[in-house]
Amino acid sequence: MKSLSMKLLPWAGYLIAMLGLPLIFNSVLAISILNQMAIAIVFALSYNMLLGQGGMLSFGHAVYFGLGGFLAVHALIMIEFETVYFSIIYIPLVGGVFGLLAALFIGSFSTRKAGTVFAMISLGVGELIAASSLIFVSFFGGEAGVSGDRTYGPPLFGIEFFQNIEIYYLAAAWVFIATLFMYLFTQTPAGRMANAVRDNPERAEFIGYSARWVRFISFAAAGFFAGVAGGLFALNYEFITEENLNAATSGRVLLMAYIGGLGYFIGPIIGAVVLTLMNSLLSNYSELWMLYLGILFVLTVMFLPRGFAGFIMMHQVAWAQGKLKHLLLPYLVTGIPALLFTSLCIIMIELSHHEEGAMHVLGITLEQSSSLSWILLAFATAAAFYATRRTLPQLRSAWDTANHIGDPASTKEEDTTAKGAKQS
Amino acid sequence: MSILSLQGVCKNFGATKIIRNVDLDIIEGEKHAIIGPNGAGKSTLFHLISGRYQVSAGTIRFKGEDIHNRPPYEINRLGLARSFQVTNIFPRLNVFENMRCALLWSRGYGYSFWQLLGRQHSLNEEAMHMLEQIGLLDRAKIPAGELAYAQQRALELGIAVAGGADLIMLDEPVAGMSHSEAENAVELIRRITEGKTLIMVEHDMNIVFDVADRITVLVYGEVIATDTPEKIRANRNVQEAYLGEVAESA
Numbered sequence: 001m002k003s004l005s006m007k008l009l010p011w012a013g014y015l016i017a018m019l020g021l022p023l024i025f026n027s028v029l030a031i032s033i034l035n036q037m038a039i040a041i042v043f044a045l046s047y048n049m050l051l052g053q054g055g056m057l058s059f060g061h062a063v064y065f066g067l068g069g070f071l072a073v074h075a076l077i078m079i080e081f082e083t084v085y086f087s088i089i090y091i092p093l094v095g096g097v098f099g100l101l102a103a104l105f106i107g108s109f110s111t112r113k114a115g116t117v118f119a120m121i122s123l124g125v126g127e128l129i130a131a132s133s134l135i136f137v138s139f140f141g142g143e144a145g146v147s148g149d150r151t152y153g154p155p156l157f158g159i160e161f162f163q164n165i166e167i168y169y170l171a172a173a174w175v176f177i178a179t180l181f182m183y184l185f186t187q188t189p190a191g192r193m194a195n196a197v198r199d200n201p202e203r204a205e206f207i208g209y210s211a212r213w214v215r216f217i218s219f220a221a222a223g224f225f226a227g228v229a230g231g232l233f234a235l236n237y238e239f240i241t242e243e244n245l246n247a248a249t250s251g252r253v254l255l256m257a258y259i260g261g262l263g264y265f266i267g268p269i270i271g272a273v274v275l276t277l278m279n280s281l282l283s284n285y286s287e288l289w290m291l292y293l294g295i296l297f298v299l300t301v302m303f304l305p306r307g308f309a310g311f312i313m314m315h316q317v318a319w320a321q322g323k324l325k326h327l328l329l330p331y332l333v334t335g336i337p338a339l340l341f342t343s344l345c346i347i348m349i350e351l352s353h354h355e356e357g358a359m360h361v362l363g364i365t366l367e368q369s370s371s372l373s374w375i376l377l378a379f380a381t382a383a384a385f386y387a388t389r390r391t392l393p394q395l396r397s398a399w400d401t402a403n404h405i406g407d408p409a410s411t412k413e414e415d416t417t418a419k420g421a422k423q424s
Numbered sequence: 001m002s003i004l005s006l007q008g009v010c011k012n013f014g015a016t017k018i019i020r021n022v023d024l025d026i027i028e029g030e031k032h033a034i035i036g037p038n039g040a041g042k043s044t045l046f047h048l049i050s051g052r053y054q055v056s057a058g059t060i061r062f063k064g065e066d067i068h069n070r071p072p073y074e075i076n077r078l079g080l081a082r083s084f085q086v087t088n089i090f091p092r093l094n095v096f097e098n099m100r101c102a103l104l105w106s107r108g109y110g111y112s113f114w115q116l117l118g119r120q121h122s123l124n125e126e127a128m129h130m131l132e133q134i135g136l137l138d139r140a141k142i143p144a145g146e147l148a149y150a151q152q153r154a155l156e157l158g159i160a161v162a163g164g165a166d167l168i169m170l171d172e173p174v175a176g177m178s179h180s181e182a183e184n185a186v187e188l189i190r191r192i193t194e195g196k197t198l199i200m201v202e203h204d205m206n207i208v209f210d211v212a213d214r215i216t217v218l219v220y221g222e223v224i225a226t227d228t229p230e231k232i233r234a235n236r237n238v239q240e241a242y243l244g245e246v247a248e249s250a
């Protein structure tokens with residue numbers, strides 16, 4: 001009973017967060033960002049079915065997102081012209097089915113091998129579809145894309161989806177269902193064997209499983225959910241263009257999943273939220289936000305290979321032993337100069353890029369042309385860097401102490417449980 | 001009654017002949033050891049039988065069915081399972097998941113994506129029971145890649161036998177183990193292969209003569225003798241080709 005409620009707790013939290021967020025952040029901009037997050041979450045989770053869970057590095061996952069989205073917009077148009085008659089709430093399913101069909105076809109040859117072969121095929125297919133989208137104008141609409149209108153079709157309880165907030169709640173429902181099903185997939189024989197094939201495709205074949213079939217099933221499922229995300233995109237924006245299935249979109253979903261953490265189910269959700277926020281908020285403040293995103297990605301790969309989720313999970317041992325509080329002070333001591341260093345780097349980057357030639361930071365005027373400004377900045381940055389470096393050993397030793405499972409009480413307990421397990 | 005039968009099996013890598021015209025019959029229920037000097041082709045022979053390599057010539061029959069050049073998963077489904085000389089497990093899955101995956105196909109789950117593993121109580125109990133048999137019950141939640149070497153070897157063995165295959169092939173199951181670890185492993189092998197057919201490649205002659213009902217000696221890709229341990233010991237060809245070498249070097 002207790003374990004069941006522990007399992008349901010994160011899901012309840014997830015649902016409450018999705019339902020509650022638009023009440024707190026209720027501006028037009030906030031709702032629009034929440035909608036983008038909803039789409040990104042489903043897309044990033046579907047990507048992780050390939051890379052994190054199945055060991056397939058894809059550079060063309062936007063194909064299934066985009067094709068699903070295109071068909072969803074066409075479905076909207078058909079609803080508008082009354083060729084078909086159903087509520088637009090099923091549009092994401094239309095996207096999903098088309099994503100699935102595309103994945104069934106492409107997966108039938110691309111999942112033969114994982115590794116480089118798979119990655120190259122995904123890249124090739126991605127380029128092929130992106131190029132075709134500019135050639136087959138009647139379906140893809142050329143550079144302008146295609147657009148529809150979501151307010152036709154039978155209304156749902158009187159809701160006609162004129163408002164973004166109405167779409168948000170529809171999207172939230174779809175995101176919750178899609179997340180649940182993607183999670184449940186990881187708990188099935190096919191989902192578990194996807195992990196096994198990721199770890200060791202050869203051995204999987206010697207316990208009765210064709211690695212290719214296992215990959216193919218994951219690939220098809222990932223295509224389906226990417227299509228659902230594409231359908232949500234179509235509902236939210238009511239148009240879709242070639243940009244939504246090209247390599248840049250494929251790259252972005254890879255970044256989301258990676259920065260969030262491939263090894264954890266929740267990782268891509270974190271990545272989707274963080275990157276959507278950067279995309280929509282940071283881009284208001286700086287034209288260089290793509291540069292910062294790139295730096296963030298490189299730093300994640302170098303220092304947090306298991307992503308943000310991995311970073312959070314690193315604290316499990318310390319937390320279980322109640323030693324997390326011992327880390328707070330060392331984190332602050334290192335964190336403050338590190339933050340200062342980061343800010344100063346950003347100021348230098350921004351100043352060199354600034355159009356007006358001068359910036360005002362905390363009442364200080366920094367001029368692009370003044371060497372004094374640069375010398376001051378360089379000096380402050382070096383000092384912040386030095387301070388960070390000096391405090392690092394302290395943090396490291398605090399980390400070791402917090403994660404040390406060596407005190408007599410806990411070892412003794414471990415011994416007895418081990419013995420107990422052997423006897424039983 | 002032979003369960004596995006090789007006829008004229010050859011394997012060439014380019015111009016190099018690794019396996020030359022091997023005929024071999026494995027009798028149902030026997031414990032059969034394959035011995036031979038390094039490079040004799042013992043592991044290659046295993047790979048040919050289990051489907052990892054394709055044969056260059058000849059046929060392999062398992063339970064009367066022709067299995068040569070069929071993919072490993074099809075051969076496995078017929079009831080032939082094997083372990084590897086170099087540990088070959090699922091390192092990022094925990095020990096319990098490794099064992100459960102090894103059970104899935106033979107318990108009829110196939111590629112199911114509509115059943116939740118957590119609900120399959122008899123499957124889970126069976127996996128736990130297997131872990132108990134190989135002595136890894138208290139390691140169930142640890143990623144398999146973090147186990148100690150001897151424990152990984154035990155898991156390797158467990159994965160091979162879990163599916164309930166009738167024919168089990170073990171490639172140097174105790175290589176790299178200490179004396180006491182090897183003793184435990186042999187005990188384990190005896191226990192979990194009871195009533196099944198076993199083919200094993202092994203270098204430790206004490207273990208071979210202890211476990212095997214029959215022994216095949218492979219030298220430079222050719223079978224020079226297949227017989228009971230006593231007769232192999234007395235066989236002059238074998239002494240010259242192999243056992244003599246061991247005695248000299250020992």
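So the protein sequences, as listed, match chains A and B. What the first sequence shows, in this note's numbering, is residues 1 to 424, in sequence order. What the second sequence shows, in this note's numbering, is residues 1 to 250, in sequence order. Note that beta-carbon positions come from the ideal geometry of N, C-alpha and C, so glycine has one too.
Same chain, Cβ closer than 6 angstroms to V186(B), neighbours up to 5 away in sequence not counted: I207
Min CB distance F113(B) to chain A below 7 angstroms: yes
Cα-Cα separation between A172(A) and R153(B), rounded to whole angstroms: 48 angstroms
Backbone CA spacing between V73(A) and F139(A) [nearest angstrom]: Annotation: V73(A) to F139(A) spans about 10 angstroms, alpha carbon to alpha carbon.
Reference Q53(A); option with closest CA among M302(A), F308(A), P201(A): Of the candidates M302(A), F308(A), P201(A), the one whose C-alpha sits nearest the C-alpha of Q53(A) is P201(A).
Whole-angstrom C-beta distance between G13(A) and G95(A), which should lie under 8 angstroms: G95(A) to G13(A), Cβ: 27 angstroms. No contact.
Limits of the beta strand (DSSP E) - the one that G195(B) falls within: No beta strand (DSSP E) holds G195(B); DSSP gives it neither H nor E.
Interface flag, G260(A) vs chain B, CB-CB below 7 angstroms: no
Under 8 angstroms by beta carbon: chain B residues contacting T188(A): S112, F113, W114, Q115, L116, L117
Stretch pair the segment 82-94 of chain B + the segment 189-208 of chain A: three plus CB contacts closer than 8 angstroms: yes
Under 8 angstroms by beta carbon: chain B residues contacting N200(A): Counting only Cβ-Cβ distances below 8 angstroms, N200(A) has contacts in chain B at N88, I89, F90, P91, in chain order.
Within 7 angstroms, strictly: CB atoms of F49(A) and A222(A): Inspection of the sequence shows that residue 49(A) is occupied by Met rather than by Phe. Taking 7 angstroms as the Cβ cut-off, M49(A) and A222(A) qualify as a contacting pair.
Given I75(B) as reference, the closest of N98(B), I168(B), T226(B), N237(B) once Cα atoms are compared: I168(B)
Every unbroken alpha helix (DSSP H) inside the segment 317-362 of chain A [4 residues or more]: 325-353
Euclidean distance between Cα positions of L117(B) and H354(A): 57 angstroms
Beta bridge counterpart(s) of M290(A) as assigned by DSSP: Answer by DSSP bridge pairing: none, since M290(A) is not bridged.
Rounded C-alpha distance that separates V214(A) from L180(A): 21 angstroms
Contact the segment 218-233 of chain B vs the segment 35-44 of chain B: 3+ CB pairs below 8 angstroms: yes
Neighbour flag for A247(B) against chain A, beta carbons, 7 angstroms: Because the pLDDT of A247(B) is 49, which lies under 50, any placement of that residue in the model is unreliable, and the number read from its coordinates should be weighed accordingly. It does not; no Cβ of chain A falls within 7 angstroms.
Option nearest V211(B) by Cα separation, candidates R70(B), G135(B), P229(B), L131(B): P229(B)
Nearest residue (CA-CA) to F225(A), options L262(A), T241(A), Y183(A): Considering only alpha carbons, the answer is Y183(A).
Segment contact, 8 angstroms Cβ cut-off, at least three pairs: the segment 370-379 of chain A with the segment 292-311 of chain A: Contact fails: fewer than three Cβ-Cβ distances are below 8 angstroms.
Pairwise C-alpha distance: L137(B) and A421(A): Unreliable positioning characterises A421(A) in this predicted model, as indicated by a pLDDT of 39, which lies under 50. The coordinate reading is nonetheless provided below. A421(A) and L137(B) have their alpha carbons spaced roughly 7 angstroms apart.
Residues that N195(A) contacts on chain B, provided the C-beta gap is smaller than 8 angstroms: F90, R92, L93, E97
Endpoints, alpha helix (DSSP H) assigned at K42(B): Note, K42(B): alpha helix (DSSP H), 42-50.
Supposed close pair I26(B), L4(B) - CB separation, criterion 8 angstroms: 4 angstroms
contact_flag[the segment 327-334 of chain A, the segment 277-287 of chain A] where n(CB pairs < 8 angstroms) is 3 or more: Touching, no, given that fewer than three Cβ pairs across the two stretches are closer than 8 angstroms.
Close Cβ partners of P408(A) (< 7 angstroms) along its chain, the five nearest in sequence each way excluded: With a pLDDT of only 42 at P408(A), under 50, the local geometry of the prediction cannot be trusted, and the value read off the model is given with reservation. If we look at P408(A) and ignore the five residues flanking it on each side, it has no Cβ neighbours.
Sufficient close CB pairs (3 or more, under 8 angstroms) joining the segment 71-91 of chain A to the segment 33-45 of chain A: no
Within-7 angstroms CB hit, M1(A) to chain B: For M1(A), the pLDDT reaches just 45, beneath the cut-off of 50, and the residue's location in the model is therefore unreliable, although a value from the coordinates is still provided. Judged by the 7 angstroms Cβ criterion, M1(A) is not in contact with chain B.
CB contact check: E414(A) to chain B, cutoff 7 angstroms: Note that E414(A) has pLDDT 39, beneath the 50 cutoff, so the model's placement of it is unreliable and no number is given.
Secondary structure of L255(A), DSSP reduced to three states: helix
Contacts of S210(A) in chain B (Cβ-Cβ under 8 angstroms): P71, Y73
Counted within 10 angstroms of its Cβ, other Cβ atoms place I24(A) as buried (16 or more) or exposed: exposed
Every unbroken alpha helix (DSSP H) within the segment 129-210 of chain B, with a cutoff of 4 residues, ordered by chain: 149-162, 179-192
Residue nearest to L327(A) in terms of C-alpha spacing, selected from T381(A), L395(A), V301(A): L395(A)
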